[in-house]
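Student: I have a structure I would like to understand better, so I am pasting it below and will then ask my questions one at a time.
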């Protein structure tokens, strides 16, 4: 019993004893946190810079670190603003944040110097992915003007801090890469001048995009640091230039999955989808682009996608938005005319295609004008002079692009309707040879598509479009043969007329009339 009492006492004593406090390891000091944020800046990826900014912003609340943290937050937000402009991302307001931080009262001399740097950052030219045809805003024009006026002075100002300030170094190399006046300065020479930061991933990224994408450098950055996801869009754009659309699409989609608020990336995905004949997907990404940044290129892409999807009313409505903004007026009028013709609004289509003809010099505009004029005459026989107009338009188009089989065919049909038999026979013969060659090309494309690793749905869609083109081409060939027989009959070239009539004697559309010709030749 005594032993049991001792056990009870021991148990109760253990239960009442105070628990030991857990040992909490001290967190990193403000100095260590500043050093870690500095390392993130040198690492240079977009996510790295964003993480660095958040850490600097948090450290600003600690008096001992406030000055350095504020300077770091200004530098990093300015670098983020530059990266967004380089890549054509949505402006998330980082430059505004930098200006607000630099404008706070009681700023240190370091912050005062950084405030001057922000004026340079604001006016630097766009980067590789952001450049190209697009909307030129008043703000962009004003920045370009400031850059031209101040370039020499800014170059000298930035050069004073090349070895001491990472933002100054990055802005200096960006100025040198983007200024046409500095084209004679070799890229290696530019980055050698920024030796203090030259070997950091931040500068390696800028060197890889200085005057054209360098895929080896970009790929190496991503392999060494998977956080550099933004390079996928640059590599995707490079693959587009190499006509490797599947590889491009995968890379651009990876970039979109990482950062959806990226209108340049969504625009490129839409363009790749258009080229791959994925018109629904193209429309989706053009709409995504427009939601982020309303540009003429995105609206024009949407018009083209809607046209190929057979949605002319919506295409015309989108064109009207372009015309309201005076964007790409020639292109807008052409696509408006094309869709109006699809709706049989021939007079309106003619007005638009004539306006397009004043602004665009290509083969497609006169070809469409010829089709519209011909259809106007077909709709109203009293408009016989429209055949002269149609012939003239087709001749211009054919001169500009002799390899367009459809234009050659239409020109031959007009010659037939005008009873210019020698020309009809010659031009229709050219059309048949062109169409037969085109069919061989389509067959080769179909074989290539079948042998490719494309998704089955895409292969099926692309093959179907080419098979439809082959079928349309064969109808044009049959029409050409029959009309050639008619031309030779009227030229009293009986053997030639018989030869071509026999080619369509069993044709559902022309067989009966071909047999009539053969009977007349007996």
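Numbering (my numbering), first residue to last: 1287 to 1808. Beta carbons: idealized from backbone N, C-alpha and C, even for Gly.
Quick check: the Cα distance between residue 1690 and residue 1579, rounded to an integer number of angstroms?
Tutor: Looking up residue 1690 in the chain shown gives position 404. Looking up residue 1579 in the chain shown gives position 293. Computed Cα separation, rounded: 36 Å.
Student: If you measure between the beta carbons of residue 1374 and residue 1411, is that distance less than 7 Å?
Tutor: As a position in the chain shown, residue 1374 is number 88, starting the count at 1. As a position in the chain shown, residue 1411 is number 125, starting the count at 1. No, the Cβ-Cβ distance between residue 1374 and residue 1411 is not below 7 Å.
Student: Would you decide whether residue 1834 is buried or exposed? Buried here means 16 or more other CB atoms lie within 10 Å of its CB.
Tutor: Outside the displayed span of the chain (1287 to 1808) sits residue 1834, for which this structure offers no information.
Student: To the nearest whole angstrom, what separates the beta carbons of residue 1518 and residue 1537, a pair I think is in contact under 8 Å?
Tutor: Position 232 of the chain shown holds residue 1518. Position 251 of the chain shown holds residue 1537. Indeed, because the Cβ distance is near 4 Å, the residues count as touching under 8 Å.
Student: Going by DSSP, what residue range makes up the alpha helix (DSSP H) through residue 1375?
Tutor: Residue mapping note: residue 1375 aligns to position 89 of the chain shown, counting from 1. It is not in any alpha helix (DSSP H) - residue 1375 carries neither H nor E in the DSSP assignment.
Student: With H, G and I counted as helix, E and B as strand and the rest as coil, what does DSSP make of residue 1232?
Tutor: The structure shown has nothing for residue 1232, since the chain only spans 1287 to 1808.
Student: For residue 1628, report the span of its alpha helix (DSSP H) as first-last.
Tutor: On the chain shown, position 342 is the one that residue 1628 refers to. That run of the alpha helix (DSSP H) goes 1615-1628.
Student: Tell me whether residue 1796 sits in a helix, a strand or coil according to DSSP, three-state version.
Tutor: Mapped onto the chain shown, residue 1796 falls at position 510. Residue state, collapsed to three classes: coil.
Student: Please go through the same chain and pick out, in chain order, the residues whose beta-carbon is closer than 6 Å to the beta-carbon of residue 1660, but skip the five residues on each side of it.
Tutor: By 1-based counting over the chain shown, the position of residue 1660 is 374. If we look at residue 1660 and ignore the five residues flanking it on each side, its Cβ neighbours are 1676.
Student: Using a Cβ distance threshold of 8 Å, determine whether the segment 1636-1653 contacts the segment 1604-1623, with at least three qualifying pairs required.
Tutor: Enough Cβ pairs lie closer than 8 Å, so yes.
Student: Measure the alpha-carbon distance for residue 1557 versus residue 1514 and round it to whole angstroms.
Tutor: Walking along the chain shown from the start, residue 1557 turns up at place 271. Walking along the chain shown from the start, residue 1514 turns up at place 228. Cα-Cα distance, rounded: 24 Å.
Student: Under a Cβ-count criterion, where at least 16 other Cβ atoms within 10 Å of its own Cβ denotes burial, should residue 1730 be classed as buried or exposed?
Tutor: As a first step, residue 1730 must be located in the chain shown, where it is residue number 444. By the 10 Å Cβ count, residue 1730 comes out exposed.
Student: Using a Cβ-Cβ cutoff of less than 7 Å, which residues in the same chain neighbour residue 1388 once the five nearest sequence positions on both sides are dropped?
Tutor: Here residue 1388 corresponds to residue number 102 of the chain shown, with the count starting at 1. Result list for residue 1388: 1360, 1397, 1400, 1401, 1404, in chain order.
Student: Who are the Cβ neighbours of residue 1505 in its own chain at under 8 Å, not counting the five residues just before and after it?
Tutor: Along the chain shown, one-based indexing puts residue 1505 at 219. 1517, 1521.
Student: Going by DSSP in three states, residue 1331 sits in which element: helix, strand or coil?
Tutor: On the chain shown, position 45 is the one that residue 1331 refers to. Coil, per DSSP.
Student: Taking only three categories from DSSP, how would you classify residue 1684?
Tutor: Position 398 of the chain shown, counted from the first residue, corresponds to residue 1684. Helix.
Student: Under three-state DSSP, which class holds residue 1747?
Tutor: What you label residue 1747 is simply residue 461 of the chain shown in a count that begins at 1. The answer is helix: DSSP assigns residue 1747 an H, G or I state.
Student: Taking the beta carbon of residue 1428 as the centre, do at least 16 other beta carbons fall within 10 Å, making it buried, or is it exposed?
Tutor: Within the chain shown, numbered from 1, the residue matching residue 1428 stands at position 142. When all chains shown are included, residue 1428 counts as exposed.
Student: Nearest to residue 1452 by CA position, among 1466, 1471, 1492, 1554, is which residue?
Tutor: Counting from 1 along the chain shown, the entry for residue 1452 is found at position 166. The residue with the shortest Cα to Cα distance from residue 1452 is 1492.
Student: When you compare the CB of residue 1507 with every CB in chain C, is at least one pair closer than 7 Å?
Tutor: Annotation note: the requested chain C is absent from the structure, which comprises a single protein chain.
Student: Is the beta carbon of residue 1756 less than 7 Å from the beta carbon of residue 1735?
Tutor: In the chain shown, counting from the first residue as 1, residue 1756 sits at position 470. In the chain shown, counting from the first residue as 1, residue 1735 sits at position 449. Contact: no.
Student: Would the segment 1496-1512 count as touching the segment 1315-1325 if we require 3 or more Cβ pairs under 8 Å?
Tutor: These segments do not touch.
Student: Would you kindly work out how many angstroms separate the C-alpha atoms of residue 1754 and residue 1333, rounded to a whole number?
Tutor: Within the chain shown, residue 1754 is the residue found at index 468, counting from 1. Within the chain shown, residue 1333 is the residue found at index 47, counting from 1. Each residue's alpha carbon lies about 48 Å from the other.
Student: Express the C-alpha separation of residue 1531 and residue 1605 in angstroms, rounding to a whole number.
Tutor: Taking the first residue of the chain shown as position 1, residue 1605 is located at position 319. Taking the first residue of the chain shown as position 1, residue 1531 is located at position 245. Rounded to the nearest angstrom, the two C-alpha atoms are 28 Å apart.
Student: Leaving aside the five residues before and after residue 1471 along the sequence, list all residues of the same chain whose C-beta is less than 7 Å from its C-beta, in chain order.
Tutor: Against the chain shown, residue 1471 aligns to sequence position 185. The residues are 1462.
Student: Tell me which same chain residues have a C-beta within less than 7 Å of the C-beta of residue 1350, skipping the five on either side of it?
Tutor: Reading the chain shown from its first residue, position 64 is the one you call residue 1350. For residue 1350, where only same-chain residues beyond five positions count, the Cβ hits under 7 Å are 1316.
Student: Would you say residue 1364 and residue 1406 are within 7 Å of each other, going by their C-beta atoms?
Tutor: Reading the chain shown from its first residue, position 78 is the one you call residue 1364. Reading the chain shown from its first residue, position 120 is the one you call residue 1406. It is not a contact, given that the beta carbons lie outside the stated cut-off.
Student: Is the segment 1709-1722 touching the segment 1735-1746 in the sense that three or more CB pairs, one from each, lie closer than 8 Å?
Tutor: No, because fewer than three Cβ pairs between the segment 1735-1746 and the segment 1709-1722 fall closer than 8 Å, the two stretches do not touch.
Student: Restricting to Cα atoms, I'd like to know which of 1800, 1788, 1768, 1807 is closest to residue 1780.
Tutor: Within the chain shown, numbered from 1, the residue matching residue 1780 stands at position 494. Checking every option, the nearest Cα to that of residue 1780 belongs to 1807.
Student: In whole angstroms, give me the CA-to-CA distance for residue 1791 and residue 1783.
Tutor: Walking along the chain shown from the start, residue 1791 turns up at place 505. Walking along the chain shown from the start, residue 1783 turns up at place 497. Going by the C-alpha atoms only, they are around 12 Å apart.
Student: Pull up the distance between the alpha-carbon of residue 1592 and that of residue 1708, whole angstroms please.
Tutor: As a first step, residue 1592 is located in the chain shown; it is residue number 306 there, counting from the start. As a first step, residue 1708 is located in the chain shown; it is residue number 422 there, counting from the start. Looking at the two C-alpha atoms, the distance is approximately 41 Å.
Student: Considering only residues of the same chain and omitting the five flanking positions on each side of residue 1571, which have a CB-CB separation below 7 Å?
Tutor: The residue given as residue 1571 occupies position 285 in the chain shown. Cβ neighbours of residue 1571 beyond the five flanking positions: 1552, 1555, 1556, 1559.
Student: State the DSSP-derived secondary structure class of residue 1662, mapped to helix, strand or coil.
Tutor: Start at 1 with the first residue of the chain shown, and residue 1662 comes out as number 376. If DSSP states are grouped into helix, strand and coil, residue 1662 belongs with the helices.
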